[in-house]
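In terms of this note's numbering, the sequence shown is numbered consecutively and its last residue is 213. Beneath this line is the structure, given in structure tokens, with notes to follow.
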Amino acid sequence: MRKILVNKLPRIIKARKKLEKKLNVKINNKGREIILEGDAEDEYIAEKVIDALDFGFSMKNALLIKERDYMFEIINIKKHTRRKNLKAIKARIIGTKGGTLSTLKELTKCFFEIKDNKVGIIGDPLLIKNAQDAVIKLIQGSRQANVYSYLEKHQVKPIMDLGLKKPNKGDKEIKESKR
Numbered sequence: 035m036r037k038i039l040v041n042k043l044p045r046i047i048k049a050r051k052k053l054e055k056k057l058n059v060k061i062n063n064k065g066r067e068i069i070l071e072g073d074a075e076d077e078y079i080a081e082k083v084i085d086a087l088d089f090g091f092s093m094k095n096a097l098l099i100k101e102r103d104y105m106f107e108i109i110n111i112k113k114h115t116r117r118k119n120l121k122a123i124k125a126r127i128i129g130t131k132g133g134t135l136s137t138l139k140e141l142t143k144c145f146f147e148i149k150d151n152k153v154g155i156i157g158d159p160l161l162i163k164n165a166q167d168a169v170i171k172l173i174q175g176s177r178q179a180n181v182y183s184y185l186e187k188h189q190v191k192p193i194m195d196l197g198l199k200k201p202n203k204g205d206k207e208i209k210e211s212k213r
């Protein structure tokens with residue numbers, strides 16, 4: 035049994051049935067506290083999914099943590115800078131009309147969300163390190179063009195599938211859309 039404090043309780047309560055079905059856990063709440071009951075592994079994954087939902091990610095992106103074994107990481111902006119003007123730093127990460135954030139999404143194949151003084155990232159464990167490095171470089175003041183070239187140089191090469199892992203339903207859709 036795990037307990038989680040959440041800020042966006044109504045959002046999670048509305049999706050309770052769907053979450054219980056997808057995550058194989060029983061979800062109850064007392065005030066702002068969510069109680070998860072199930073297998074230890076399922077509880078851990080459900081905790082990460084609910085944290086991602088509470089952070090602001092869409093249901094579709096948060097469930098990728100379970101469906102495709104993605105990771106959810108949070109970068110605290112204050113931890114990586116001494117500057118007091120956090121609005122300017124967040125503006126650098128977002129970019130003009132969201133351009134920087136969408137380019138980061140394309141180059142890293144990860145999903146980003148900004149909340150308060152934190153940046154949330156959902157992505158494949160092999161790709162999330164580059165995404166974290168890119169966000170930290172932007173926080174520390176690197177030019178966007180330099181960050182983009184860094185990401186292009188450090189692209190992770192896909193690992194050859196040996197057929198040991200069951201294919202995900204989403205992977206089939208991705209392969210078909212590339213044709």
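Note that the Cβ used here is the ideal one computed from N, Cα and C, for glycine as well.
- In the DSSP assignment, valine 153 forms a beta bridge with Ile109 and Ile148.
- A Cβ-Cβ separation of about 6 Å places lysine 100 in contact with lysine 56 under the 8 Å criterion.
- Taking a C-beta distance under 7 Å as the contact criterion, aspartate 88 and asparagine 151 do not qualify as a contact pair.
- Of the candidates Ile111, Arg45 and Gly90, Ile111 places its Cα closest to the Cα of leucine 172.
- At the C-beta level, cysteine 144 and leucine 161 come within 7 Å of one another.
- The Cβ atoms of glutamate 77 and valine 59 lie closer than 7 Å to each other.
- Checking the DSSP bridge columns, you'll see glutamate 54 has no partner listed.
- By DSSP's assignment, arginine 117 forms no beta bridge with any residue.
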